[in-house]
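Here this note's numbering is used: the first residue of the sequence shown is 1201, the next is one more, and so on. Even for Gly, the Cβ is constructed at its ideal location relative to N, Cα and C. Here the structure is laid out as structure tokens; the discussion comes afterwards.
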Amino acid sequence: MRVHKPDIVIIGAGPAGMMAAIRSGQLGQGVLLLERNPSCGRKLLLSGKGRCNLSNACSREEFFSRFSGQGEFLRNALDKFYYPELTAFFEKRGLELLVERQGRIFPSRGDSADVLRVLLEEMESLGVEISYNCRVRGIETGGGSVRGVILEDSGSIAAERVILACGGVSYAFTGSSGDGQEMARGLGHTISPLLPALAPLRAVKTYPALKGLSLKNVRVAVSFLNKGKKGRLESPVGEVAFHSRGIGGALALSLSGRISRLLAEGARARLEIDLKPGLERGVLDARLLREFKAAPQAGLEDILYALMPEQLAAVFCYVCGLPAGKKANQITAAERSVILDRLKCFGFDIEGVSMDEAMITSGGVSLKQINPRTMGSRLVKGLYFAGEMIDLDADTGGFNLQAAFSTGYLAGESAASRKTGGSDGK
């Protein structure tokens, strides 16, 4: 148990917590960062498949649109610390960055350890104290204000300003367990259901022959029936990939958070892959007729090799209900219509989204109870939130990590300014 009283206590040493510690330290505050693991940034090291997709060099409006309808909540945080400020922060400290396709920003060596090193060195230079293997049981309050942090083993730490940056429940082996949300719930905050996002979709029926297959330049849509109302989610053109349990790839991952919420509400959902999004049905029909006339004695599966990967062709014939060896000159107009239907809509009923494979968590502390100008709680004075434990989630491409850095920066600045007469902006 500590005998001194830090100015600010931050719970969770992920990207949001570390950035909050850095910003508070820059403003002259004594910061104590509590981390349940023996090291910082365990999930950060995994981001971008170990390459660490830090952010995205897109406009603010596009950035907001990549979140599930609530991106505008981040406007104040991005005004303080968006990708120009983030890249300047790292480059000033010797980390070279690259902007790759679709605006994705990575460290030039493609190593997330370089990002973590910069954050750790900056915290050390600012005198941030880090306590590892430290489990927190709750937040102590009195008179509607924070009074301290209650440790799980014994004792407590007195503090009038606490930042909760504990993450979500994805990648549980990194220490994400939902503890932060439970602490917030114990203080009266509403917690939206914690659901998987950026995760492969589990299909009701799978085809083992498709395992490992990636399809590029396709478009997906999700048709759903939710409480008697029909709806549809659509993606841009991109990639999907087949796994033993279902469907992944960038397009499926980007829709997975919204699908999680729909399924949690009892909706039925069906994923539909347009295998030829660049061809209208009439143009595609003419293409089929040309292929059939060019090789009238060829089997259907062989004809389809001109339109799709060989690994897909036999399964495609099965889904169409047609023999793979049926000759082209024997295929009727009605059967050709079925082939066209499946080329434009190759469907799978979705039964779930796996938390075990989720990159991030959908759900968390209600945005209605967080002031977007400060990241301060509207219910408890001196309490702030940052990162994945807030009810925000976005597509792949650096958006979620930038949101973590931005909300951490704003929370750290707001907590520091409260000491000097600022407020939570309640």
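- [ ] In the DSSP assignment, find the unbroken alpha helix (DSSP H) run with Pro1215 in it and report its ends.
- [x] 1215 to 1226
- [ ] Evaluate the contact criterion for the region 1320 to 1340 versus the region 1215 to 1231: three or more CB pairs, one atom per stretch, below 8 Å.
- [x] yes
Open item on the list: Quick check on Pro1307: buried or exposed, where buried means 16 or more other Cβ atoms within 10 Å of its Cβ?
Closed with: buried
TODO: Assuming Asn1630 contacts Gly1303 (C-beta within less than 8 Å), just tell me the rounded distance between them.
DONE: Because the chain is modelled from 1201 through 1626, residue 1630 falls outside the range shown and cannot be assessed.
- [ ] Under 8 Å Cβ to Cβ from Ala1506, same chain only, skipping five residues before and after it: list those, please.
- [x] Glu1491
Task: Segment contact flag, the region 1335 to 1345 with the region 1534 to 1551, C-beta cutoff 8 Å, min 3 pairs - done: no
Open item on the list: Let me make sure I understand the geometry here. Which of Ile1550, Ala1498, Phe1273 has the alpha-carbon closest to that of Arg1445?
Closed with: Ile1550
Task: Residues near Phe1264 by beta carbon distance below 8 Å, same chain, minus five either side - done: Gly1271, Glu1272, Leu1274, Arg1275
Task: DSSP beta-bridge partners of Thr1406 - done: Thr1406 is not bridged to any residue.
Open item on the list: Whole angstroms are fine: how far does the CA of Leu1471 sit from the CA of Leu1415?
Closed with: 14 Å
Open item on the list: Ala1616 and Gln1229 - do their beta-carbons sit closer together than 7 Å?
Closed with: yes
Open item on the list: Suppose the cutoff is 7 Å on Cβ atoms and the five residues either side in sequence are ignored; what does the same chain contact list for Asp1595 look like?
Closed with: Arg1266, Ser1454
TODO: Mind checking which residues open and close the beta strand (DSSP E) that includes Glu1551?
DONE: 1546 to 1553
- [ ] Please classify Leu1298: does DSSP put it in a helix, a strand, or coil?
- [x] strand
Open item on the list: Considering just the uninterrupted stretch of the beta strand (DSSP E) at Ala1441, what are its terminal residues?
Closed with: 1429 to 1442
Task: Which of helix, strand or coil DSSP assigns to Arg1202 - done: In this prediction, Arg1202 has a pLDDT of 42, which is less than 50 and means its spatial position is unreliable; what the coordinates show is noted afterwards. Three-state result, Arg1202: coil.
Open item on the list: Could you tell me the alpha carbon to alpha carbon distance between Leu1244 and Leu1254, rounded to whole angstroms?
Closed with: 10 Å
- [ ] Mind the definition here: the region 1478 to 1498 touches the region 1392 to 1401 only if three or more C-beta pairs lie below 8 Å; say whether that holds.
- [x] no
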